[in-house]
Structure formats: C-alpha cells, structure tokens
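Enquirer: Dumping the structure here so I can ask a few things about it.
Protein chains in written order, with this note's numbering: chain P, 1 to 271; chain H, 272 to 588.
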C-alpha cells in the first residue's frame with residue numbers, strides 16, 4: 001500500500017503566470033459584476049456621495065467660496081473622500097463578513113483558488129468603484145458647478161482618492177473578519193458615518209467644533225481629505241508626508257488585524 | 272425497492288487498495304464539544320462511501336478536516352497521501368459544502384467560469400452544465416434559482432475541475448423527492464466516470480442508493496462500517512406485507528415473526544428471514560394476495576445501531 005500511496009504523492013502545482021493572471025482577472029471581474037448588480041451596494045455607496053454633492057455643492061451653495069476655492073471644487077475633495085471610504089468599506093467588509101459567516105468562503109478555500117486572489121479582487125473592485133464615484137463628481141462639477149483646474153490636478157486628485165481606497169479596504173477586511181454577516185453593515189455605518197462627520201467630509205472642517213477638529217487628527221478620512229483638498233488649494237497646509245504616513249500606518253495596522261482574523265478562521269467552524 | 276439497493280458502481284480492482292483519503296486517529300474538539308473522537312476512516316480509490324449519521328454526529332467536521340479547512344486536535348487527515356491543504360491536492364479535489372449564502376447576483380455560467388479557472392484541466396463548460404443538468408439555467412442569476420437548482424450549481428462547482436476525489440456534504444438536504452433523484456443521477460454519472468466520492472447524509476435511503484460502503488457515525492464516533500447490506504444484516508430483517516384473512520394472533524404464532532402490524536386492509540410482518548414465513552403464510556391462506564417483501568432498510572438498521580451504542584455504552588462495531 002505504501003508504494004501505491006507514494007505513486008499518488010504530491011507535486012507542487014505549476015501554474016503559468018498567465019493562468020494565475022487569468023484567475024486574478026476573473027476573480028476581480030466577477031467581484032465587480034457581483035457588486036454592480038447588488039442594488040444595496042450601488043444605491044447606497046454610489047448614489048449617496050453623488051446626491052450629496054448635487055444637493056450641497058451644485059444646488060445650494062454653488063456660487064460661494066470656501067477655503068480659497070469654490071464650494072463645488074472643495075466638495076469634490078470631501079465627498080470624493082466620503083465616496084471612496086463608503087465604496088471601500090462596504091465593498092470589502094460586507095462581502096467578506098457574509099462569505100465567511102455563511103460558508104461561501106469555505107467553498108472557495110476548499111478549491112485551488114490562490115487565497116490572495118479573493119482579497120485582491122475585493123480591493124481592486126473597491127478601487128474601481130472609488131474611481132467611478134470620483135469621475136462622476138468631476139463630470140458633475142465641471143458641467144454644472146463650473147469647476148476648473150489643470151488636467152494634471154484632476155489626474156492627481158483622482159489618483160490620490162483612488163489610492164486612498166487602500167486604507168479603507170484594509171479596514172474593511174479587518175471589520176469583515178470581526179463582524180458577522182448580519183452585523184457587518186450596521187457596524188460599518190456606525191464607524192463610517194461618525195468618522196465622516198468628524199473628519200469634515202459633510203460640514204467643512206473649519207466649521208466643526210474644536211473638540212471634533214482635534215479628534216479628526218487621528219482619523220484616516222481626515223488625512224485623505226486633506227490630501228485631496230491640498231490638490232485643489234484648500235487644504236490646511238499641513239505636511240503631505242505626514243498625511244500619507246498616517247494612512248500607511250493605519251493600513252498596516254488594519255492588515256495586521258485582518259491577518260489575525262484570517263488565521264483565527266482556519267481553526268473555527270462556521271455555518 | 273430491492274433493485275434500488277443494488278450498487279451502480281463497479282470498483283476498479285486495480286485501484287482498490289489505494290487510499291485516497293483518510294482520517295487517522297482523529298480527535299477534534301470545539302471548546303468543550305468533542306466533535307470527533309478517535310476516528311479512523313479510509314476511502315479507497317474508486318469507492319463511493321457514505322458517512323451516515325444524525326445532525327451533529329460529526330459528519331461535516333470529518334469532511335472539513337479532509338478538505339483542510341480545519342486542523343484536528345490530534346491525529347491527522349490525509350488526501351492522496353499528503354496534506355489536504357496542499358494546493359496540488361486541492362487541484363484534484365472537488366467539494367460541495369453546505370452554504371448559507373452564495374453570491375446571488377452572479378449568473379450560473381459566471382460562477383462556473385470562475386471556479387473552472389482555478390483548475391488546471393477543467394471540464395468544458397458545456398460538459399459541466401450537462402453533467403449538473405443546468406443547460407437551460409446557465410443565464411439565470413443564482414438568487415433566482417430554486418433550492419434544487421441551487422444545489423445543482425454547487426454540485427457543478429464541485430465537479431468543474433474534473434477532480435479525482437469528490438466530497439459531497441449533505442448534497443440533497445432540504446430537497447424535494449424529484450430534485451433529490453435528479454441529483455442522485457448526476458452523482459451516479461460522476462461515479463461512472465471513476466470518481467472517488469465521499470458523501471455525508473442523514474438520509475438513510477441516500478446512503479443506500481448511492482454508496483458502496485457506509486460508515487455510520489454518531490456522537491463523533493464511527494459505530495459501524497460495511498456495505499449497505501452488511502449494515503442492514505446487523506439488524507437483519509425483512510418486512511412482509513400482504514392481504515390475508517388470517518387473524519393477527521395467528522400471524523404472531525408463525526415461527527420467525529417478530530412483529531405484526533395492521534395497516535389498513537393489509538398486515539405488515541417483521542421477520543429475520545422472509546422465506547420460511549412466506550411459505551407458512553401461503554400454506555395457511557390460499558387466498559393471500561398483495562404480497563410484498565422489502566428489506567427493513569437502513570432506517571431501522573441505523574436506529575438499532577445507535578440504540579445499541581446508547582445501551583452498551585461503547586460498542587465500536
């Protein structure tokens with residue numbers, strides 16, 4: 001029998017890099033399609049920042065100036081941050097918590113799927129939705145809000161905000177590992193709505209009470225929005241490097257927490 | 272009924288010594304709950320094995336250990352002579368698990384396309400759809416499918432990589448009779464392709480209909496193992512049903528009869544062996560009609576086995 005067993009012994013799988021790329025691509029494509037068709041996701045995540053922008057940036061205050069620029073320009077940066085944060089948190093945490101809690105992730109883990117492909121797909125999808133939101137705000141701002149800036153600044157703003165999806169995707173992965181399928185959306189809202197407010201994403205930062213402004217200094221959306229505002233010339237002129245460092249540190253902490261959850265899951269049974 | 276008990280699978284004897292999956296002295300605890308206690312269990316190449324037991328017996332735990340989704344507290348789980356978590360082994364394994372929620376907005380063919388991409392040599396998508404009976408549903412979103420159709424999609428995902436070893440965890444749980452039979456047919460088709468199959472079930476009829484070998488598991492221990500007929504032989508018995516003018520009392524006195532029940536216009540007798548009882552019945556009542564003989568079935572066998580363990584404390588065979 002031992003010879004028979006030997007004959008069946010393992011060889012490492014040799015996937016061509018092309019095959020691996022195909023898996024990553026399909027995983028991301030279907031994650032994107034899945035969320036795109038999920039009305040819960042598109043309705044809340046895509047339409048809220050856009051609706052807020054139209055209402056507060058285009059209908060109500062379009063002609064006013066704020067922080068050295070026009071309101072429609074200023075709010076692209078803040079609602080852009082808000083949109084990116086929502087798309088990323090819901091895009092990762094809600095799906096992960098549900099897949100984990102209701103058994104789907106186990107089906108995937110039992111298959112030869114490269115585990116990293118699953119997480120990469122969620123992050124990439126969040127970045128794509130983030131880009132869609134920011135571009136929609138650009139389009140509305142340019143056509144209806146008279147937003148004008150050099151093309152390079154639009155590109156930098158888009159790049160910054162889409163890169164800003166990463167810390168929130170990391171946070172979403174951590175949350176997805178420590179919330180259940182039913183509690184995840186509520187937990188996300190409980191964190192993301194107050195955090196948005198305190199970071200000056202709804203009410204411009206300078207109008208916030210002093211206490212709140214101090215809390216903001218430790219909140220990642222504050223730092224992302226300040227980077228975005230810096231590009232449109234409305235930032236608080238703090239060190240750009242510091243903002244990036246805070247976001248990077250936050251990302252690493254969240255990934256560390258997610259990793260603990262990942263390892264804990266190997267030992268637990270769900271479903 | 273009796274015909275259904277015959278096994279559809281002929282084991283390829285050249286392969287039959289090769290162990291493709293095993294649990295070796297496995298203990299698995301969840302906190303204070305002992306899900307598996309010293310389980311030894313083997314699946315040979317080409318075999319269809321049913322792990323049969325009530326809810327909470329440890330069936331799903333056994334499957335998850337063999338899939339490398341969790342680790343035993345002691346002992347070890349092996350597939351293809353190696354670690355179940357080894358990607359090369361996962362490449363040769365397919366699994367149908369109990370899932371609370373599958374992404375509902377993806378279409379059937381999209382789910383299959385994605386899972387097929389994980390494997391080195393997947394079956395063609397037309398072949399997969401055909402094998403799972405999903406040809407007409409490939410454009411439907413998962414969320415729009417019925418329970419039976421959903422199970423068939425999960426089955427399709429398990430077989431799409433053309434794996435050598437197939438784990439089916441309660442494949443037909445919650446399905447109506449027709450959907451169940453349809454899935455059985457699909458499982459039999461995979462068996463005919465030479466797959467090794469481990470299925471868990473608490474439907475005794477299902478183990479009987481599909482498996483070459485049955486391992487009965489209860490409270491984390493394997494309490495009996497053998498072919499479906501061997502398992503039944505342990506509590507041997509036939510059910511004899513007929514319409515007769517003989518009184519219940521007369522019937523009770525026929526040697527070999529252990530139990531008599533009246534059922535509408537017929538009576539149902541239980542006996543260890545059917546032939547002597549039937550001879551006696553026909554001799555005493557020439558008008559006897561509607562004679563049916565069936566095996567007592569795994570249901571009774573299973574109840575008897577689990578009761579035995581409860582009574583004797585520990586009876587490992």
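Backbone N, C-alpha and C define an ideal beta-carbon position, used for all residues, glycine too.
Quantities reported herein were computed from a predicted structural model and do not represent experimental measurements.
Three-state secondary structure (DSSP) at residue 313(H)?
Expert: Reading the second chain from its first residue, position 42 is the one you call residue 313(H). Residue 313(H): strand per DSSP, three-state reduction.
Enquirer: Is it buried or exposed, residue 549(H), if we count other Cβ atoms within 10 angstroms and call 16 or more buried?
Expert: Taking the first residue of the second chain as 1, we reach residue 549(H) at position 278. Counting Cβ neighbours within 10 Å, residue 549(H) comes out buried, since at least 16 surround it.
Enquirer: In three-state DSSP terms, what is residue 404(H)?
Expert: The residue you call residue 404(H) lines up with position 133 of the second chain. In this structure, residue 404(H) counts as coil in the three-state DSSP scheme.
Enquirer: The ligand MN and residue 428(H): does the residue's C-beta get closer than 7 Å to at least one heavy atom of that ligand?
Expert: Ligands are entirely absent from the displayed structure, and the ligand MN is therefore not among its contents.
Enquirer: Can you give me the start and stop residues for the alpha helix (DSSP H) that residue 554(H) sits inside?
Expert: In the second chain, the residue the question calls residue 554(H) occupies position 283. For residue 554(H), the enclosing alpha helix (DSSP H) starts and ends at 545-555.
Enquirer: Please check if any C-beta of chain B sits within less than 8 Å of the C-beta of residue 433(H).
Expert: Annotation note: the requested chain B is absent from the structure, which comprises protein chains P and H.
Enquirer: Which residues, taken in chain order from the region 101-121 of chain P, show a beta carbon closer than 9 Å to some beta carbon of chain H?
Expert: 101, 102, 103, 104, 106, 107, 108, 109, 110, 111, 112, 113, 114 and 117
Enquirer: Do you know how far the Cα of residue 259(P) is from the Cα of residue 265(P)?
Expert: For the purposes of this step, residue 265(P) is taken as residue 265 along the first chain, with counting starting at 1. For the purposes of this step, residue 259(P) is taken as residue 259 along the first chain, with counting starting at 1. So the two alpha carbons sit approximately 10 Å from each other.
Enquirer: With 8 Å as the threshold, decide whether the Cβ of residue 266(P) is near any Cβ in chain H.
Expert: The residue you call residue 266(P) lines up with position 266 of the first chain. Closer than 8 Å to the CB of residue 266(P) there is at least one CB belonging to chain H.
Enquirer: Using a Cβ cut-off of 8 Å, pull out every chain H residue sitting near residue 33(P), in sequence order please.
Expert: Here residue 33(P) is taken as the residue at index 33 of the first chain, counted from 1. 376, 377 and 381, listed in chain order.
Enquirer: At least one CB of chain H closer than 8 Å to the CB of residue 196(P): is that the case?
Expert: Your numbering for residue 196(P) matches position 196 in the first chain. Answer no: the Cβ-Cβ gap between residue 196(P) and chain H never drops below 8 Å.
Enquirer: For the alpha helix (DSSP H) holding residue 162(P), just list the boundary residues, first then last.
Expert: Working through the first chain from its first residue, we reach residue 162(P) at position 162. Its alpha helix (DSSP H) spans residues 151-163.
Enquirer: Taking 8 Å as the CB-CB cut-off, is residue 20(P) touching chain H?
Expert: Residue numbering aside, residue 20(P) sits at position 20 when the first chain is read from its first letter. No, its Cβ sits nowhere closer than 8 Å to a Cβ of chain H.
Enquirer: With 8 Å as the threshold, decide whether the Cβ of residue 557(H) is near any Cβ in chain P.
Expert: Position 286 of the second chain, counted from the first residue, corresponds to residue 557(H). Not one chain P Cβ lies under 8 Å of residue 557(H).
Enquirer: Counting only Cβ-Cβ distances shorter than 7 Å, please list the residues of the region 394-405 of chain H near chain P, keeping chain order.
Expert: none
Enquirer: Using a C-beta cutoff of 8 Å, does residue 281(H) count as contacting chain P?
Expert: Stepping through the second chain from its first residue, residue 281(H) is reached at position 10. Summary for residue 281(H): the model assigns pLDDT 44, below 50, so the residue's position carries little reliability; its value from the coordinates is reported in the next sentence. Not one chain P Cβ lies under 8 Å of residue 281(H).
Enquirer: Give me the chain P residues within the contact set of residue 325(H), using Cβ-Cβ distance strictly less than 9 Å, ordered along the chain.
Expert: Locating residue 325(H) in the second chain gives position 54, where the first residue counts as 1. Within chain P, no residue comes near residue 325(H); the closest Cβ sits about 18 Å away, beyond 9 Å.
Enquirer: Thinking just about the alpha-carbon of each residue, which of 20(P), 21(P), 88(P) and 137(P) is nearest to the one in residue 51(P)?
Expert: Start at 1 with the first residue of the first chain, and residue 51(P) comes out as number 51. Residue 51(P) has its Cα closest to that of 137(P), out of 20(P), 21(P), 88(P) and 137(P).
Enquirer: Using the Cβ count rule (16 or more neighbours within 10 Å means buried), how would you classify residue 255(P)?
Expert: Your numbering for residue 255(P) matches position 255 in the first chain. Counting Cβ neighbours within 10 Å, residue 255(P) comes out buried, since at least 16 surround it.
Enquirer: Can you pull out the residues from the region 434-452 of chain H whose beta carbon lies closer than 7 Å to at least one beta carbon of chain P?
Expert: Listed in chain order, the positions of the region 434-452 of chain H with a beta carbon within less than 7 Å of a beta carbon of chain P would be empty, since no residue qualifies.
Enquirer: Using only CA atoms, which one of 192(P), 170(P), 37(P) and 25(P) lies nearest to residue 384(H)?
Expert: As a position in the second chain, residue 384(H) is number 113, starting the count at 1. Here the closest residue by C-alpha is 25(P).
Enquirer: Jot down the residue ranges of each uninterrupted beta strand (DSSP E) in the region 346-422 of chain H, minimum 3 residues, whole runs only, in chain order.
Expert: Counting only runs of 3 or more, we get 364-367.
Enquirer: Should the region 157-171 of chain P be called in touch with the region 224-235 of chain P, which here means at least 3 C-beta pairs below 8 Å?
Expert: The region 157-171 of chain P is in contact with the region 224-235 of chain P.
Enquirer: At least one CB of chain H closer than 8 Å to the CB of residue 217(P): is that the case?
Expert: Along the first chain, read from residue 1 onward, the residue named residue 217(P) stands at position 217. For residue 217(P), the nearest beta carbon of chain H is not closer than 8 Å to its own beta carbon.
Enquirer: Among 484(H), 431(H) and 421(H), which one has its Cα closest to the Cα of residue 454(H)?
Expert: Walking along the second chain from the start, residue 454(H) turns up at place 183. The residue with the shortest Cα to Cα distance from residue 454(H) is 421(H).
Enquirer: I'd like to know if residue 468(H) contacts chain P, where contact means its C-beta is closer than 8 Å to some C-beta of that chain.
Expert: Locating residue 468(H) in the second chain gives position 197, where the first residue counts as 1. No, residue 468(H) does not count as interfacial toward chain P.
Enquirer: Going by C-alpha to C-alpha distance, which of 101(P), 212(P), 15(P) and 70(P) sits closest to residue 149(P)?
Expert: The residue labelled residue 149(P) in the question sits at position 149 within the first chain. When only C-alpha atoms are compared, the closest one is 70(P).
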